[in-house]
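Undergrad: For the record, the sequence lines run as chains R and L. Counted the way this note's numbering counts, the first sequence spans residues -7 to 393. Counted the way this note's numbering counts, the second sequence spans residues -7 to 393.
There are 2 protein chains.
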Amino acid sequence: MEFDDIRALVKKNDSKIVLMVIDGLGGLPQSPGGKTELETAKTPGLNQLAKEGICGLHEPVRPGITPGSGPAHLGVFGYDPIKFRVGRGVLAALGIGFDLKHADVAARGNFCTVDQDGRVTDRRAGRIPTETNEKLCKILSDIKPSDGEIFVRPVKEYRFLVVIRGENLSGDIADTDPQATGVEPLAVTPLSEKAGKTARLVTEFTDQARQRLAGHAPANMALMRGFSQRPDWPAFPDIFGVRAAAIAAYPMYRGVASLVGMDVLKTGDHVEDEFATLEQHWRDYDFFYLHVKKTDSAGEDGDFNRKVKLIEEADALIPRLRNLNPDVVVVTGDHSTPSMMKSHSWHPVPALLWSKNCRTDAVAQFGEQACLSGALGARFPAIDLMPLAMANAHRLEKFGA
Amino acid sequence: MEFDDIRALVKKNDSKIVLMVIDGLGGLPQSPGGKTELETAKTPGLNQLAKEGICGLHEPVRPGITPGSGPAHLGVFGYDPIKFRVGRGVLAALGIGFDLKHADVAARGNFCTVDQDGRVTDRRAGRIPTETNEKLCKILSDIKPSDGEIFVRPVKEYRFLVVIRGENLSGDIADTDPQATGVEPLAVTPLSEKAGKTARLVTEFTDQARQRLAGHAPANMALMRGFSQRPDWPAFPDIFGVRAAAIAAYPMYRGVASLVGMDVLKTGDHVEDEFATLEQHWRDYDFFYLHVKKTDSAGEDGDFNRKVKLIEEADALIPRLRNLNPDVVVVTGDHSTPSMMKSHSWHPVPALLWSKNCRTDAVAQFGEQACLSGALGARFPAIDLMPLAMANAHRLEKFGA
Chain R
-7 MEFDDIRALV KKNDSKIVLM VIDGLGGLPQ SPGGKTELET AKTPGLNQLA
43 KEGICGLHEP VRPGITPGSG PAHLGVFGYD PIKFRVGRGV LAALGIGFDL
93 KHADVAARGN FCTVDQDGRV TDRRAGRIPT ETNEKLCKIL SDIKPSDGEI
143 FVRPVKEYRF LVVIRGENLS GDIADTDPQA TGVEPLAVTP LSEKAGKTAR
193 LVTEFTDQAR QRLAGHAPAN MALMRGFSQR PDWPAFPDIF GVRAAAIAAY
243 PMYRGVASLV GMDVLKTGDH VEDEFATLEQ HWRDYDFFYL HVKKTDSAGE
293 DGDFNRKVKL IEEADALIPR LRNLNPDVVV VTGDHSTPSM MKSHSWHPVP
343 ALLWSKNCRT DAVAQFGEQA CLSGALGARF PAIDLMPLAM ANAHRLEKFG
393 A
Chain L
-7 MEFDDIRALV KKNDSKIVLM VIDGLGGLPQ SPGGKTELET AKTPGLNQLA
43 KEGICGLHEP VRPGITPGSG PAHLGVFGYD PIKFRVGRGV LAALGIGFDL
93 KHADVAARGN FCTVDQDGRV TDRRAGRIPT ETNEKLCKIL SDIKPSDGEI
143 FVRPVKEYRF LVVIRGENLS GDIADTDPQA TGVEPLAVTP LSEKAGKTAR
193 LVTEFTDQAR QRLAGHAPAN MALMRGFSQR PDWPAFPDIF GVRAAAIAAY
243 PMYRGVASLV GMDVLKTGDH VEDEFATLEQ HWRDYDFFYL HVKKTDSAGE
293 DGDFNRKVKL IEEADALIPR LRNLNPDVVV VTGDHSTPSM MKSHSWHPVP
343 ALLWSKNCRT DAVAQFGEQA CLSGALGARF PAIDLMPLAM ANAHRLEKFG
393 A
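So this is what it looks like as structure tokens:
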């Protein structure tokens, strides 16, 4: 359903919707037939919500697609990640909390190694440590373009962020990263007429970077890709007619929430801080997105037991959520991060939707196996969640007469 | 799948398909963990069909969307209600059985109250009784436009139907209903060049209506919206290659069936009459849509027990249906109408498909919980039903070689 169709049905009331995203929630058993992280965890709070509500497993992007954090969150927010694409440069900016302005152009940078003839020999500069990256970014930060400003910020290892700020800029610039070794970095090429000025500034940056990095092998050159600007999308509060707040400790998630126009609330580093923020602002908003990060990190680290423990920590906070007397609660992950794979995966993600208006199913435990027989379905598109939450909050009018 | 793709696969044979729509079939339990109306009802006939066939729950429009009767029926007929939209005026005409011609323009009217300055003070004229409405419609029926004809018919309370008949008319007219109080009714505005003449006739009607209603406060003015013409859609018999008959006691459903080009059969007021009509015309058609209305009305009235009883009455007629020896039977609702909500709802709708060619599932009772584990799925698009019925009737060729 298009956003315009949803917007046309939206009505307002005093209901409160909470979307709790436990990052990388979905998992895999340690051995065939065993239990996943979520199934191993003791989760009385989530089980009770599951019992009173409806369950299922969602696919964030499309069947078989392993999503990055950006697209995965967009899906859960109701934005089809295939239609709503974010450039790599913008994602890099969001990831480190860089305050990207609407006219800025961002690109993802790689420090790389080039030989005497300028040909790339290692696209990742031997995966230099982040400390080296930080030093090199300082060196590049001194570059002054002939017009506007350039910001260079370290990300991790060989990865950095470049942001060009000025008037009349465009993200229509081809990658300079050749995605191969044995060839020179590609020339800076504008992909549309309006990108001429941007191309000149990027060329200036590249030339200067080559000179300044010359003595710093293995990181003696910089490659860039994913030139992009903040997208101009329909805003979540406008589509769904809710005052929407995001509560997330990590920059990437604050960034994605701000891309869709949610108010990003100041909060602390821990999940407890996030719940305190939720309680503190309960009266001020209709919709809350609350993000639990560390489960994903444990999965990425391959630490099954730590992920179990972190899920239990999140579960222990459910009573605080229920004390607020919300009308609709959705608990899910943005994607699966099985500890056994040490990475994001395509596996469907457990989801529960709780409200007084559910037609409950028989699922009484919040886990991958149990969710298979739930009323939400065993493999449903993540973008279904928001309209279902809105319906359960009585925030949608009848379609047609 | 687009209609052209289906049409290209259609083949004909002697099979008979019956689609029985029990209006507002889906429900909710009276208290958490209890049984719904359908689950409470004793339905040996439906249970046997469910046992021999396959079950599931459909969503008429999209997840979370509560449909009106028109869109809900279109979904079950295989027409995506998001693509195939019916104007409010046309729906109002269908609802009272007005014989709307293809060139007619219909609008939904509201009697309203305006103050001395012509500003709307009550968009529903204090919800005047239907008898007052009928009198006022007679007064307005006398209005003679400078060209063509105008028909004014009462609907219910403050709602009426206006139909303009003539040559070169168009439904591209903006609503005159400002959807707010404290402002004047909006001027009649054509939205395209071809709507100029229609706008003039509507203006004449509005001016006359203002004069004639002047002394009839609280109903001293008329607002209009949803100007529309009968849509020109691909016809159901043409898409699916079937001689299709509609058997429905109520005007709205006869109207929707006629919109998609089904033959609307004369029948009586009761479900028994409808079954007699089915028997009588069994040889004349390949496809029968049979509509059971009163279950929805009971749901709208919040009468759980009456809805249970009406479902049982419909169930008692299943043996008559089976005696006809149909090839494919689909039994479902157009949408859910939980008695607990006294209104249509977004909850998925129980559906069963019976034929000798089903790969049966384990569902042996036709109810919401049981259907969750059925072969049709826990939450499938209503538009899947027609292609599945066609396949089970061996009426679709292989796609590709």
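A virtual CB, placed ideally from N, CA and C, is assigned to each residue, including glycine.
Do you know how far the Cα of Pro59 (chain L) is from the Cα of Gln357 (chain L)?
TA: Within the second sequence, the letter at position 365 stands for residue 357 (chain L). Within the second sequence, the letter at position 67 stands for residue 59 (chain L). Rounded to the nearest angstrom, the two C-alpha atoms are 26 Å apart.
Undergrad: If you compare alpha carbons, which of R:Gly110, R:Pro243, R:Leu205, R:Ala238 is closest to Gly87 (chain R)?
TA: Residue mapping note: residue 87 (chain R) aligns to position 95 of the first sequence, counting from 1. The shortest C-alpha separation from Gly87 (chain R) is found at R:Pro243.
Undergrad: Return yes when the Cβ of His273 (chain L) is within less than 9 Å of the Cβ of Ile310 (chain L), no when it is not.
TA: Your numbering for residue 310 (chain L) matches position 318 in the second sequence. Your numbering for residue 273 (chain L) matches position 281 in the second sequence. Against a cut-off of 9 Å, the Cβ pair of His273 (chain L) and Ile310 (chain L) comes out as no contact.
Undergrad: What is the DSSP secondary structure of His64 (chain L), counted as helix, strand or coil?
TA: Sequence index remark: in the second sequence, residue 64 (chain L) carries index 72 (1-based). At residue 64 (chain L) the sequence reads Ala, which differs from the His that was named. Here Ala64 (chain L) sits in helix by DSSP.
Undergrad: Check whether the Cβ atoms of Thr190 (chain R) and Asp224 (chain R) lie closer than 9 Å to each other.
TA: Taking the first residue of the first sequence as 1, we reach residue 190 (chain R) at position 198. Taking the first residue of the first sequence as 1, we reach residue 224 (chain R) at position 232. The answer is no: Cβ separation not under 9 Å.
Undergrad: For the candidate residues L:Phe152, L:Gly218, L:Leu132, whose alpha-carbon lies nearest to that of Asp199 (chain L)?
TA: If you number the second sequence from 1, residue 199 (chain L) lands on position 207. Measuring from the Cα of Asp199 (chain L), the nearest candidate turns out to be L:Leu132.
Undergrad: Assuming Asn384 (chain R) is part of the alpha helix (DSSP H), what are its boundary residues?
TA: Here residue 384 (chain R) is taken as the residue at index 392 of the first sequence, counted from 1. Here the alpha helix (DSSP H) through Asn384 (chain R) covers 377 to 384.
Undergrad: For the alpha helix (DSSP H) containing Ala191 (chain R), list its first residue and its last residue.
TA: Mapped onto the first sequence, residue 191 (chain R) falls at position 199. Element bounds for Ala191 (chain R): 188 to 205.
Undergrad: To be precise: take each residue of the stretch 17 to 44 of chain L, compare its Cβ to all Cβ atoms of chain R, and keep it if any distance is under 9 Å. Which residues remain?
TA: Those would be Gly18, Gly19, Leu20, Pro21, Pro24, Gly25, Thr28, in chain order.
Undergrad: Taking C-beta pairs closer than 8 Å, name the residues in chain R that His283 (chain L) reaches, listed in chain order.
TA: Within the second sequence, residue 283 (chain L) is the residue found at index 291, counting from 1. Here the premise fails: no neighbours, minimum Cβ distance about 17 Å.
Undergrad: Beta carbon of Ala236 (chain R), beta carbon of Phe279 (chain R): below 9 Å?
TA: In the first sequence, counting from the first residue as 1, residue 236 (chain R) sits at position 244. In the first sequence, counting from the first residue as 1, residue 279 (chain R) sits at position 287. Taking 9 Å as the Cβ cut-off, Ala236 (chain R) and Phe279 (chain R) qualify as a contacting pair.
Undergrad: Is there a Cβ from chain R that is less than 9 Å from the Cβ of Pro409 (chain L)?
TA: Nothing in the structure corresponds to residue 409 (chain L), since chain L is present only between -7 and 393.
Undergrad: Can you list, in chain order, the residues of the stretch 207 to 241 of chain L whose Cβ is nearer than 7 Å to any Cβ on chain R?
TA: Cβ contacts with chain R: none found.
Undergrad: Do we get a CB-CB distance below 9 Å when we pair Thr173 (chain R) with the residues of chain L?
TA: Mapped onto the first sequence, residue 173 (chain R) falls at position 181. Not one chain L Cβ lies under 9 Å of Thr173 (chain R).
Undergrad: For a quick check, are the C-beta atoms of Asn5 (chain R) and His386 (chain R) less than 9 Å apart?
TA: Position 13 of the first sequence, counting from 1, holds the residue named residue 5 (chain R). Position 394 of the first sequence, counting from 1, holds the residue named residue 386 (chain R). Yes, they are a contact pair.
Undergrad: Can you give me the Cβ contacts of Ile9 (chain R) inside the same chain, cut-off strictly under 6 Å, excluding the 5 residues immediately before and after it?
TA: Position 17 of the first sequence, counting from 1, holds the residue named residue 9 (chain R). Taken in chain order, the residues that qualify are Phe279, Val320, Ala381, Ala385.
Undergrad: Quick one: which chain R residues come within Cβ less than 8 Å of Met58 (chain L)?
TA: Along the second sequence, read from residue 1 onward, the residue named residue 58 (chain L) stands at position 66. According to the sequence as given, residue 58 (chain L) is Thr; it is not Met. Per Cβ cutoff of 8 Å: Ala383, Leu388, Glu389, Lys390, Phe391.
Undergrad: How far does the beta strand (DSSP E) with Asn102 (chain L) in it reach, from first residue to last?
TA: Locating residue 102 (chain L) in the second sequence gives position 110, counting from the first residue. Per DSSP, Asn102 (chain L) belongs to the beta strand (DSSP E) from 97 to 106.
Undergrad: Against chain R, does Leu193 (chain L) count as a neighbour if the rule is that its beta carbon must be under 9 Å from one of theirs?
TA: Counting from 1 along the second sequence, the entry for residue 193 (chain L) is found at position 201. No, Leu193 (chain L) lies away from the interface with chain R (no Cβ there is under 9 Å from its Cβ).
Undergrad: If I'm right that Ser337 (chain L) touches Ser328 (chain L) with Cβ under 8 Å, what's the distance once you round it to whole angstroms?
TA: Sequence index remark: in the second sequence, residue 337 (chain L) carries index 345 (1-based). Sequence index remark: in the second sequence, residue 328 (chain L) carries index 336 (1-based). Correct: roughly 5 Å between the Cβ atoms.
Undergrad: At the level of alpha carbons, what is the spacing between Arg426 (chain R) and Pro318 (chain L)?
TA: In the structure displayed, chain R extends from -7 to 393; residue 426 (chain R) sits before or after that span and is not available.
Undergrad: Taking 7 Å as the limit between beta carbons, can you name the residues of its chain near Arg204 (chain R), skipping five residues before and five after?
TA: In the first sequence, counting from the first residue as 1, residue 204 (chain R) sits at position 212. These residues qualify, in order along the chain: Ile131, Leu132.
Undergrad: Assuming Val284 (chain L) and Asp15 (chain L) are in contact, meaning their beta carbons sit under 8 Å apart, how far apart are those beta carbons, in whole angstroms?
TA: Within the second sequence, numbered from 1, the residue matching residue 284 (chain L) stands at position 292. Within the second sequence, numbered from 1, the residue matching residue 15 (chain L) stands at position 23. With a Cβ gap of about 6 Å, Val284 (chain L) and Asp15 (chain L) count as contacting.
Undergrad: For Ser328 (chain R), name the three-state secondary structure that DSSP assigns.
TA: The count along the first sequence starts at 1 and reaches residue 328 (chain R) at position 336. Strand at Ser328 (chain R).
Undergrad: Looking only at C-alpha atoms, which of R:Glu149, R:Arg115, R:Thr124, R:Gly89 sits nearest to Val106 (chain R)?
TA: For this step, residue 106 (chain R) is matched to residue 114 along the first sequence. The residue with the shortest Cα to Cα distance from Val106 (chain R) is R:Arg115.
Undergrad: From L:Pro146, L:Asp139, L:Ala172, L:Gly118, pick the residue whose C-alpha is nearest to that of Asn125 (chain L); which is it?
TA: Indexing the second sequence from 1 puts residue 125 (chain L) at position 133. Cα-wise, what sits closest to Asn125 (chain L) is L:Pro146.
Undergrad: Of all the options R:Arg371, R:Glu389, R:Gly392, which has the alpha carbon lying nearest to the alpha carbon of Gly56 (chain R)?
TA: In the first sequence, the residue the question calls residue 56 (chain R) occupies position 64. Ranking the options by Cα distance to Gly56 (chain R), first place goes to R:Arg371.
Undergrad: Please compile the residues from chain R whose C-beta is within a distance smaller than 9 Å of the C-beta of Val53 (chain L).
TA: One-based indexing of the second sequence puts residue 53 (chain L) at position 61. Residues of chain R passing the Cβ test: Met(-7), Phe391, Gly392.
Undergrad: Does Phe391 (chain L) pass the burial test, meaning 16 or more other C-beta atoms within 10 Å, or should it be called exposed?
TA: Numbered from 1 along the second sequence, position 399 holds the residue referred to as residue 391 (chain L). Exposed, by the Cβ-count rule.
Undergrad: For Glu29 (chain R), which option in R:Asn315, R:Ile303, R:Phe143, R:Arg119 has the closest C-alpha, if you only look at C-alpha atoms?
TA: Here residue 29 (chain R) is taken as the residue at index 37 of the first sequence, counted from 1. Nearest option by C-alpha distance: R:Ile303.
Undergrad: When you check each C-beta in the stretch 241 to 264 of chain L against every C-beta of chain R, which residues fall closer than 8 Å?
TA: Cβ contacts with chain R come from no residue of the stretch 241 to 264 of chain L.
Undergrad: Taking its Cβ as the centre, do 16 or more other Cβ atoms sit within 10 Å of His94 (chain R), making it buried, or is it exposed?
TA: As a position in the first sequence, residue 94 (chain R) is number 102, starting the count at 1. Exposed is the call here.
Undergrad: Mind pulling the chain R residues with CB within less than 8 Å of Gln361 (chain L)?
TA: Position 369 of the second sequence, counted from the first residue, corresponds to residue 361 (chain L). What Gln361 (chain L) touches in chain R: Asp353, Ala354.
Undergrad: If we ignore side chains and look at the alpha-carbon of each, how far apart do Met378 (chain L) and Asn349 (chain R) end up?
TA: Locating residue 378 (chain L) in the second sequence gives position 386, counting from the first residue. Locating residue 349 (chain R) in the first sequence gives position 357, counting from the first residue. Those two C-alpha atoms are separated by around 30 Å.
Undergrad: My guess is that Leu178 (chain L) and Asp167 (chain L) are in contact by the Cβ rule of under 8 Å, so how many angstroms apart are they, rounded?
TA: Taking the first residue of the second sequence as 1, we reach residue 178 (chain L) at position 186. Taking the first residue of the second sequence as 1, we reach residue 167 (chain L) at position 175. Going by Cβ atoms, the distance from Leu178 (chain L) to Asp167 (chain L) rounds to 7 Å, so yes, they are a contact pair.
Undergrad: Taking 7 Å as the limit between beta carbons, can you name the residues of its chain near Val300 (chain R), skipping five residues before and five after?
TA: If you number the first sequence from 1, residue 300 (chain R) lands on position 308. Taken in chain order, the residues that qualify are Glu29, Thr32, Ala33.
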